[in-house]
Each structure stands twice: as C-alpha cells, then as structure tokens.
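This report refers to the structure that appears directly beneath it.
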Amino acid sequence: MLKIENLHASIEEKEILKGLNIEVKPGEVHAIMGPNGAGKSTLSSVIAGREEYEVTEGSIEFNGEEIGEMEADERAHKGIFMSFQYPVEIPGISVTNFIKTAINETRKAQGLEDMPASDMLKKIKEKAELLEIDRKFLSRSLNEGFSGGEKKRNEIFQMAMLEPKLAILDETDSGLDIDALKIVANGVNKLKSKDNAVIVITHYQRLLDYIVPDFVHVLYDGKIVKSGTKELALELEAKGYDWIKQEVTA
Amino acid sequence: MDLKDKLVSSFATLQEQNDAAHQIRQEAFEQFETLGFPTKKLEAWKYTSLNSVLKTDFNLFPTSATTLSFEDVKPYFVHEIDAYKVVFVDGVFNAELSNIDTEGFEVTLMSKALNDAEHKAVIEKYFNSIAKKDESLTSLNTAFTKEGTFIHIPKSKVADKPIQLLHFATGTENALFLQPRNLVVVEENAQVQIIERHQSLTDNATLTNAVTEMFVAKHANLDYYKIQNDKLTASLIDNTYISQEGQSNASVHTFSFGGKITRNNLNYYQKGEYIDSTLKGITILEGKQHVDHYTLVDHVEPNCESHQNYKGIFAEKSTGVFNGKIYVDKIAQKTNAFQQNNNILLDDTATINTKPQLEIFADDVKCSHGCTIGQLDAEAMFYLKTRGIPEKEAKGLLTYAFANNVLESVRIPELQARVNKLIAEKLGVNLGFDQ
Numbered sequence: 001m002l003k004i005e006n007l008h009a010s011i012e013e014k015e016i017l018k019g020l021n022i023e024v025k026p027g028e029v030h031a032i033m034g035p036n037g038a039g040k041s042t043l044s045s046v047i048a049g050r051e052e053y054e055v056t057e058g059s060i061e062f063n064g065e066e067i068g069e070m071e072a073d074e075r076a077h078k079g080i081f082m083s084f085q086y087p088v089e090i091p092g093i094s095v096t097n098f099i100k101t102a103i104n105e106t107r108k109a110q111g112l113e114d115m116p117a118s119d120m121l122k123k124i125k126e127k128a129e130l131l132e133i134d135r136k137f138l139s140r141s142l143n144e145g146f147s148g149g150e151k152k153r154n155e156i157f158q159m160a161m162l163e164p165k166l167a168i169l170d171e172t173d174s175g176l177d178i179d180a181l182k183i184v185a186n187g188v189n190k191l192k193s194k195d196n197a198v199i200v201i202t203h204y205q206r207l208l209d210y211i212v213p214d215f216v217h218v219l220y221d222g223k224i225v226k227s228g229t230k231e232l233a234l235e236l237e238a239k240g241y242d243w244i245k246q247e248v249t250a
Numbered sequence: 001m002d003l004k005d006k007l008v009s010s011f012a013t014l015q016e017q018n019d020a021a022h023q024i025r026q027e028a029f030e031q032f033e034t035l036g037f038p039t040k041k042l043e044a045w046k047y048t049s050l051n052s053v054l055k056t057d058f059n060l061f062p063t064s065a066t067t068l069s070f071e072d073v074k075p076y077f078v079h080e081i082d083a084y085k086v087v088f089v090d091g092v093f094n095a096e097l098s099n100i101d102t103e104g105f106e107v108t109l110m111s112k113a114l115n116d117a118e119h120k121a122v123i124e125k126y127f128n129s130i131a132k133k134d135e136s137l138t139s140l141n142t143a144f145t146k147e148g149t150f151i152h153i154p155k156s157k158v159a160d161k162p163i164q165l166l167h168f169a170t171g172t173e174n175a176l177f178l179q180p181r182n183l184v185v186v187e188e189n190a191q192v193q194i195i196e197r198h199q200s201l202t203d204n205a206t207l208t209n210a211v212t213e214m215f216v217a218k219h220a221n222l223d224y225y226k227i228q229n230d231k232l233t234a235s236l237i238d239n240t241y242i243s244q245e246g247q248s249n250a251s252v253h254t255f256s257f258g259g260k261i262t263r264n265n266l267n268y269y270q271k272g273e274y275i276d277s278t279l280k281g282i283t284i285l286e287g288k289q290h291v292d293h294y295t296l297v298d299h300v301e302p303n304c305e306s307h308q309n310y311k312g313i314f315a316e317k318s319t320g321v322f323n324g325k326i327y328v329d330k331i332a333q334k335t336n337a338f339q340q341n342n343n344i345l346l347d348d349t350a351t352i353n354t355k356p357q358l359e360i361f362a363d364d365v366k367c368s369h370g371c372t373i374g375q376l377d378a379e380a381m382f383y384l385k386t387r388g389i390p391e392k393e394a395k396g397l398l399t400y401a402f403a404n405n406v407l408e409s410v411r412i413p414e415l416q417a418r419v420n421k422l423i424a425e426k427l428g429v430n431l432g433f434d435q
C-alpha cells in the first residue's frame, strides 16, 4: 500500500529525513518510535503532503502511484489521513459542517454525488457514538477551546468519517489521560480492517498497549535504524533510546 | 450644471412645503451651501473620494411613478420571516408592497409625521436633534428632508415583528439621487428590530444620501441590520445617529457586500449609565468596490460598554477603510470599550486603510483595540487540505469562518441564515452544508 524508498526530505535547506525506507501492507499496523528530533513528525508531514518540506531524493508510492508531488488534498482523496499532533483551531465553522464539507469534497474528487443528508446524519451519529462524542460537541467551532483529549478524539472522529486506506496517527497519545487514550485506541481498533493500514507515530510505548502493532520501527537521525515486532517497543520503553544511538554510532 | 448647483437651484421648490421642518431645512441648506461636498482634503474623507460619483448628472426628483410587483423584488426582502414592510420606489412610498398595519406602535411616513399635528411634539423633540449640524452630507439630507420612515415604539411595547425598510431604484431615471430621512424613537423599556436595504434594480446610476436618527430610551432595546449588496452603479452614504439613555441596548450590524462607493457614518451618543452599544460589520468586496466605515462611540457617562467588531475581506482591486473613534470623557469612569478590526486581503491589489482612534480622558477604564491585516493561516490551510478540501474551497471555507463569527450576535435566525448564504455566494464557495 505504502512504499517509501530512500526518502530524503528537508525544510529550509536542513535535511531531516536522510534515506528512509518503509513498506506498509493492507491490514498492518506499524509503529514508528524514536527520540525527539529524530524526524517522526517530518515523516508524517511529508507523507500527508505539507508543502514546506521538500523531497530531495527517493520516492513515496501509494498503491503503486508516486505521490511525492501531489497536493495534500489529492493525497487525502486517494485515502491518506493524518491525525495531527496539534489540530488547528478554526472558529466560525462547526465540527459537523467541517466534516460534511470534507466528505463531500472527497466524494466530488472521486466523481460521486454529495452524500445524502440522511446518510450523513446517520454516519455522524454512529461514529460519534463509537468515540463517545456528545452531540453538543459536534456543533461547536472546530477545535476551538477543546481540551487536548477532545482535540484528539475529534481527529479520530474525522478519521472514522473519512474512512481512509492509510491513517497516520502523529503523537495521538500526547496529552491524553488514560480514559481518553482507551476511547481513542478502541475507536482506531474498531476501524481497522484487512484493507486498511495504520501508522502510529509515538514517543512512548503506552498507546501500543491498546493499538497493538504488527511491526515496530525505530527512527533515528532521519532513518529507520531498527525494525522488529511489538516486543521492540517494550524494550525501548524499558531501556530508553540511548542504546539505539550507541548501536547506530558504533 | 454640477450637482451642487443643481441642488441649490431646486431647493426653493422644495421649500414651498411649509411643514415642521421648514426652518430646519433652511438652516441646513445654508450650511451645505457653505461646506459643499466633502473632498479628500478633509481628514474624515482622506481615503474616500466622491468625485467619480458626483460628476453624474443626477435627477433629484423622479418624474414618473413606477410600479413593481412583489415577485420582481422578493429576493431583496428577508421574505422568510413575517415582518412589517416599508417600501419606497424611487424615493416614493409604495403602499402595495408595504405593510405598516401595526398595533400598539407606529410605523408611518416621514412626510406624514412632519405635517401632522399629532406628531408635532415628537418631531420638535427629536427631529434633527442628534444629526451633526456641521457635516455637509447630513446637512444636505436635512435640507432636502421630504420622505422616509418614522417609527415610534411607545413605552414598554415590544414590536411583535421586525420592520423591513426597502428602498428600490427602478432605473426609470438615467441617474437618480435619493435622500431618505428616517426617525426612530424607542421609548422606555420598548423593543424593536429593523432591517434596511437599498437596492438598484437596473444598472442606471443611483446615489443615496440617507440620514437616520434613532433614540433609545431607558431599558429599551434596538437592533438594526443593514444589508448592503447593491449594484456596481449604486453608491450609498449612510449617516446614522444613535442616542442612548441609561441601561439601554443598541446594536447595528452592517453587511457590506456590494455597491460602488459605500460610506457608513455610524455615531453613538451615550447619555446615561450602564448602556451597551454594539457595532458590528462584515465587508466582503471584489472588483473596484469601495466601503468606508467611519464610526464614533461617545462615552460621556460612567459604567457603559461598547463592543465593536468589523471584519473585512478584500479581493481584486477593492478598497476598504475603517476609522473607529472612541471618545471617553473624563467623567466616564468604568467604561469598557472594545474595538476590533480584522482584515484579510485575498489579492495583492486589494487595499485596506484602518485607523483606530482612541481619545481617553478617564483613568479607570478598560479600552482595547486591535486591528490586523493578513492572509489566511498556512497551518489551517494544510489542515483542511489533509481532509480532502482543495485549495480554492479551503480558502473559501476559512474566509467564510473568519467572517462568520460576527453573525453570532444577529438575533433573527432567518436573517442570520440569509447573510450566511450571501457570504458563501460572495466567496464563491459551496459550503456543502446548510446553515
């Protein structure tokens, strides 16, 4: 589904990703862990299509198609979703109206008619229940004055509504208490299927107790330096990242 | 003959009517004759030139009466609501399109109020009492006072429905100069909501120089909404004066989406304590449109508030001006005065001149002002795009959201929805949802 080869990316002439490789197949959950400044958020931004980053070398293929030059919205139309570490506050537009616009713009790009209003309402109700979101919450301005936990839950709600093929969860666990973390993880797990994939980007192992990864990768200095299964995450949690750094520099 | 000469020579004809405003007209006329039309040399008109409008050969009084059917003009009403309607066609009252069949309060014509014995006391007390005497365009309107709307809400009466004031220009004349004169008196503890619109129905030139005086007594409540979405050949100079007594609320929302040159002179005079004044505006312009908001809030008593929030969105070669003056007298302690003017320029060729003017002579007050001129937030754009919303739609949606929160204080839901729709239309976005 996603195949990244020798990816080099920089921002303002500074190289952050320095030859990164990863392959994600349908039905898989990958965790990308790593110390601060390793390039985790850069990787999610580059996959999602943030313009400030320049891909200088390598390729990003999604379902066999090179997407490195595509606009962020086109990537979204192809089925890529990113849950933001810091979702943007947009006063003046409600959560409901925002998601309706997102869905119908995506459908338009796919040559489909607008979703009938009754289907939309039904879907909103169903997904809001899944994430234990109150109806009143949906009529509030997007992310405005939301707590950290509400923002993250809202991100996963949008993911549930948009039903992406690939979801990248960028530090979704940061700022979440344990109850909110469980709700978010439960939501992600319910949305998982053999046809879609999830990349969980996180500093800590905690979230991976609830969203169990098939593969764990360690990102350090712009490259994947180690890959393994979920046991690797536990090892990182116990030992920290210093031993990885030593292994790499040795 | 230029417009001023034309006005001067036709004044005598008008003065043949010997009504309650006779003497006031004479004085105002002399004032206008001395001052003439404002030019850019005046500080208050630095960014707005009337030259391109004034060279038009306007007809001052329409020569033929025009009939209109409701179906022709329906879109210009907020027809979703049950409302009283006062409709003027080329400056002449149109009874067929109007509904002023009120109970317990009065909506009538200025010409009637000025000529009736029963209105004499009210006219003497209020007419031309707060309109600026040294302002040439207000003086011009006063000198030519002939027709307009007179609204009187007696003590403790709540007007049961909003009142819509519509001024249509039919284009029967090649160019028409209109000067409606309105007087609104809201007595103690009374309430009223008013929606106003000036609309040209053809591309023939129209210039409207309107004066509205409003008096809001103790504990009374006035909400005034102006929809300005006229044709590129229509210009409007709106002079609104509001006098408020203690514990009263008055709000004016101005939605400026069209017209050639629009100048809104909005003046609030607070004459009591615990008064709340609200001034809000959304301006969305394109092409060569020009809108100038010139506001004054005069805080001269303690414990009063004013809330001012104007948003502007300017595309192409449009220009905007915001000049907001807040005066706080030395006895006006505990004043809370807020002023915000935020603007987005969608193109490099658009212009906004914004100037907050605070004159504060009291020491125990809260006054804040802020003005911003910016582009859309890049992070927000990226966020929307990652949700599948393309660049153009994302821009539209963010611009819409930027303007939209001014609507929260609109107390007529159908009007709120209508303006919302107008905003979406202006920004060329299909919102994909109903408001």
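So the sequence lines, in the order shown, correspond to chains A and B.
Each step along the first sequence adds one to the number in the UniProt record's numbering, with nothing skipped, and position 28 is 28.
Each step along the second sequence adds one to the number in the UniProt record's numbering, with nothing skipped, and position 313 is 313.
Here a beta-carbon is modelled for each residue, glycine too, at the ideal position from N, C-alpha and C.
Keep in mind that this is a model prediction, so the values were computed, not measured.
- Of all residues in the region 387-403 of chain B, those with a C-beta nearer than 8 angstroms to a C-beta of chain A are Arg387, Gly388, Ile389, Pro390, Glu391, Glu393, Ala394, Leu397, Leu398, Tyr400, Ala401, Phe402, Ala403, reading in chain order.
- Contact between B/Ile242 and B/Asn267 is confirmed by a C-beta separation of about 7 angstroms, below the 8 angstroms threshold.
- For the region 165-177 of chain A, no residue has a beta-carbon sitting nearer than 7 angstroms to a beta-carbon of chain B.
- Shown here, B/Asn51 sits in a helix according to DSSP, grouped into three states.
- Separation of B/Pro180 and A/Gly49 (C-alpha to C-alpha, rounded to the nearest whole angstrom) is 56 angstroms.
- Rounded to the nearest angstrom, the Cβ distance from B/Cys367 to B/Ile373 is 21 angstroms, too far for a contact under 8 angstroms.
- A distance below 8 angstroms separates the beta carbons of A/Ala9 and A/Thr56.
- Pairing B/Leu398 with B/Ile282, the inter-Cα distance amounts to about 15 angstroms.
- Rounded to the nearest whole angstrom, the CA to CA distance from B/Arg418 to A/Val225 is 58 angstroms.
- Taken through DSSP and simplified to helix, strand or coil, A/Tyr241 comes out as coil.
- For B/Glu379, the chain A residues whose Cβ falls inside 7 angstroms of its Cβ are Val88, in order along the chain.
- When the beta-carbon positions are compared, B/Gly287 and B/Ser318 come within less than 8 angstroms of each other.
- Per the coordinates, the alpha-carbon of B/Ser256 lies some 42 angstroms from the alpha-carbon of A/Asp170.
- For A/Lys40, the CB contacts under 7 angstroms within the same chain, skipping 5 residues up- and downstream, are Ile32, Gly34, Ile201, Leu219 in chain order.
- Taking C-beta separations shorter than 6 angstroms and ignoring five residues to either side along the sequence, the partners of A/Gly149 in its chain run Leu176, Ala180, following chain order.
- Put simply, the CB of B/Tyr294 is far from chain A, with every gap to its CB atoms at 8 angstroms or more.
- For A/His203, the closest alpha carbon among the candidates A/His217, A/Asn154, A/Ser193, A/Ile47 is that of A/His217.
- By the neighbour-count criterion, in which 16 or more other beta carbons inside 10 Å mark a residue as buried, B/His22 falls on the exposed side.
- Cβ proximity to chain B below 9 angstroms picks out Glu71, Ala72, Asp73, Glu74, Arg75, Ala76, His77, Ile80, Phe81, Met82, Phe84 from the region 58-84 of chain A.
- For a Cβ distance threshold of 7 angstroms, residue set Pro91, Gly92 of chain A lies close to B/Asn405, ordered along the chain.
- Pairing B/Phe58 with B/Ala175 gives a Cβ-Cβ distance under 8 angstroms.
- For A/Gly68, same chain residues with a beta-carbon under 7 angstroms away, outside a window of 5 residues either side, are Val55, Ser59, Ile60 in chain order.
- A direct Cα-Cα distance of roughly 5 angstroms separates B/Ser136 from B/Phe32.
- Boundaries of the beta strand (DSSP E) harbouring B/Arg263: 261-270, taken from the DSSP string.
- Residue state for B/Ser248 is assigned as coil, using DSSP reduced to three classes.
- Here the alpha carbon of B/Ala403 sits roughly 6 angstroms from the alpha carbon of B/Lys311.
- Interface with chain A (8 angstroms Cβ-Cβ cutoff): B/Phe382 is included.
- Within the region 24-55 of chain A, those residues whose Cβ lies closer than 9 angstroms to any Cβ of chain B are, in chain order, Ser45, Ala48, Gly49, Arg50, Glu51, Glu52.
- Annotation for B/Ala65: no alpha helix (DSSP H) segment contains it, and DSSP assigns it neither H nor E.
- Contacts between A/Leu138 and chain B, judged by CB atoms closer than 8 angstroms, are missing: the closest CB pair is about 12 angstroms apart.
- Counting only the Cα atoms, B/Leu42 lies some 15 angstroms from B/Lys355.
- Fully enclosed alpha helix (DSSP H) runs of no fewer than 4 residues occupy 178-191 of the region 167-218 of chain A, in order along the chain.
- Within its own chain, the residues whose Cβ lies closer than 8 angstroms to the Cβ of A/Asn189, once the five positions on either side in sequence are excluded, are Tyr210, Ile211, listed in chain order.
- Sorting A/Lys165, A/Ala238, A/Asn97 by C-alpha distance to the C-alpha of A/His77 places A/Lys165 at the top.
- With 16 or more neighbouring CB atoms inside 10 Å of its own CB, B/Leu178 falls in the buried class.
- In this structure, B/Lys161 lies away from B/Ala250, with their beta-carbon atoms at least 8 angstroms apart.
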